[in-house]
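What follows is a short report on a single structure.
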Amino acid sequence: VQLQAFGGGSVQAGGSLRLSCTGAGITLSDVNGDWYRQFPGRQRELVATIRRDSSTRYADSVLGRFTISRDNAKNAVDLQMDGLKPADTAIYYCHTRRPGGSIDYWGQGTKVTVSS
Numbered sequence: 001v002q003l004q005a006f007g008g009g010s011v012q013a014g015g016s017l018r019l020s021c022t023g024a025g026i027t028l029s030d031v032n033g034d035w036y037r038q039f040p041g042r043q044r045e046l047v048a049t050i051r052r053d054s055s056t057r058y059a060d061s062v063l064g065r066f067t068i069s070r071d072n073a074k075n076a077v078d079l080q081m082d083g084l085k086p087a088d089t090a091i092y093y094c095h096t097r098r099p100g101g102s103i104d105y106w107g108q109g110t111k112v113t114v115s116s
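Structure follows, in structure tokens:
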């Protein structure tokens, strides 16, 4: 299983970015898909989840600004980030785990920088 994350970059406050995580060796519509982020010196924190039934959940800090979705044609889980703030600056990682499984699969991380 491999996950690959795309779409990070630099943007000014108030701007938007779209991250995409594609999967190989796993069908992402069959599993929960997550986006995490990591600030320097901190542990990764969960940003958003899309479950197998397509229900979604968000961290309070991004609720109303970020949207997680699937693109089944691309076997991808996307994260649309609007209204970006400097506090959103971090490395973003996609993640999944097979139902009942014990192995965590992570993408390689993509850096998001938001300037004021």
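Its first residue numbered 1, the sequence shown is counted upward by one per residue in the working numbering. Quick reminder that beta carbons are idealized off the backbone N, C-alpha and C, glycines included. For clarity, every value in this text was computed on a predicted model and none was experimentally measured.
Original post:
Quick one: is T110 buried, meaning 16 or more other Cβ sit within 10 Å of its Cβ, or exposed?
Top reply: Working through the sequence shown from its first residue, we reach residue 110 at position 110. Buried, since its Cβ has 16 or more Cβ neighbours within 10 Å.
**OP:** Please say whether T49 and R57 have beta carbons closer to each other than 7 Å?
**Re:** The count along the sequence shown starts at 1 and reaches residue 57 at position 57. The count along the sequence shown starts at 1 and reaches residue 49 at position 49. Yes.
Original post:
Under a three-way DSSP split, which group does A5 fall into?
Top reply: Taking the first residue of the sequence shown as position 1, residue 5 is located at position 5. When DSSP states are grouped into helix, strand and coil, A5 belongs to the strand group.
Original post:
Any contact of the region 27 to 35 with the region 88 to 99, i.e. 3+ C-beta pairs under 8 Å?
Top reply: Three or more beta-carbon pairs drawn from the region 27 to 35 and the region 88 to 99 are found closer than 8 Å, and the two stretches are therefore classed as touching.
Original post:
Going by the beta-carbon positions, is the gap between D82 and S69 smaller than 7 Å?
Top reply: Position 82 of the sequence shown, counted from the start, is the residue given in the question as residue 82. Position 69 of the sequence shown, counted from the start, is the residue given in the question as residue 69. Going by C-beta atoms, D82 is not nearer than 7 Å to S69.
Subject >> Local conformation of S29 per DSSP, three classes >> reply: One-based indexing of the sequence shown puts residue 29 at position 29. Under the three-state reduction of DSSP output, S29 falls in the helix class.
Subject >> Extent of the continuous beta strand (DSSP E) run through D78 >> reply: If you number the sequence shown from 1, residue 78 lands on position 78. For D78, the uninterrupted beta strand (DSSP E) segment begins and ends at A76 to M81.
Subject >> Identity of the residue in L19, V11 and D88 nearest D71 by Cα >> reply: For this step, residue 71 is matched to residue 71 along the sequence shown. Out of L19, V11 and D88, L19 has the C-alpha closest to the C-alpha of D71.
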